[in-house]
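Residue numbers (our numbering): 4 to 181. We put the CB at the ideal spot given by N, CA and C, even for glycine. Only a predicted model underlies this, so the values are computations on that prediction, with no experimental measurement involved.
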């Protein structure tokens, strides 16, 4: 499929009018990595520690692995990739009462938000994970990113685990106390 304008959309995925949703292929890795850099840069506004441009090559390699494993979709508005979702199955070493899928990243360009692209990408990932036999799907959103949290709540996601963080340079431990 890639950036080929004649690529057939994934037949199991309903995309909003004017868009297609396809499995990520190797031709899409660079475009998906560029969108990931936008995602990571935006997450810094919500407290993320990711250095977006510094990780571009690593993310491109990760996208190539997702293409090989069929664990990502991209959305297009014709030929341009405007969004992506990456996912997989949880690989904890502990026995659990349910197999869990994980949505690692979901991003849609700001200009294409509100058209149903994110919903289509999320639905595609959930369907692919269900086909792999998972019973639940987990994902993460930055605590300060209320728009993302609202989006996921609208799609049935509920808080499951809370991650807490503090700086080692906090009020209770300063460099002067060492």
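Query                                                                                                                                                                                              : Result
Mark residue 26 as exposed unless 16 or more other C-beta atoms lie within 10 angstroms of its C-beta, in which case mark it buried.                                                               : buried
Using CA atoms only, rank isn't needed, just tell me which of 134, 66, 152 is closest to residue 87.                                                                                               : 66
For the region 79-86 and the region 105-115, state whether three or more C-beta atom pairs, one from each stretch, are separated by less than 8 Å.                                                 : yes
From the DSSP output, in three-state form, read off residue 86 for me.                                                                                                                             : strand
On the three-state DSSP scale, how would you describe residue 147?                                                                                                                                 : coil
Judging by CA-CA distance, which residue of 117, 30, 151, 115 is the nearest neighbour of residue 142?                                                                                             : 151
Please go through the same chain and pick out, in chain order, the residues whose beta-carbon is closer than 7 Å to the beta-carbon of residue 120, but skip the five residues on each side of it. : 19, 22, 78, 85, 86, 111
Pairing CB atoms from the region 29-41 with CB atoms from the region 100-107, are three or more of them under 8 Å?                                                                                 : no
Using 8 Å as the threshold, is the C-beta distance between residue 92 and residue 137 below it?                                                                                                    : yes
Go through its chain and collect everything with a Cβ distance to residue 39's Cβ below 6 Å, but skip five positions before and after it.                                                          : 62
Between which two residues does the beta strand (DSSP E) containing residue 23 stretch?                                                                                                            : 23-26
Would DSSP call residue 104 helix, strand or coil?                                                                                                                                                 : strand
In the DSSP assignment, the beta strand (DSSP E) including residue 142 goes from what residue to what residue?                                                                                     : 139-142
Candidates 90, 172, 164: which alpha carbon is nearest residue 126's?                                                                                                                              : 90
Excluding five sequence neighbours on each side, which residues of the same chain lie with their C-beta closer than 7 Å to the C-beta of residue 69?                                               : 27, 75, 89
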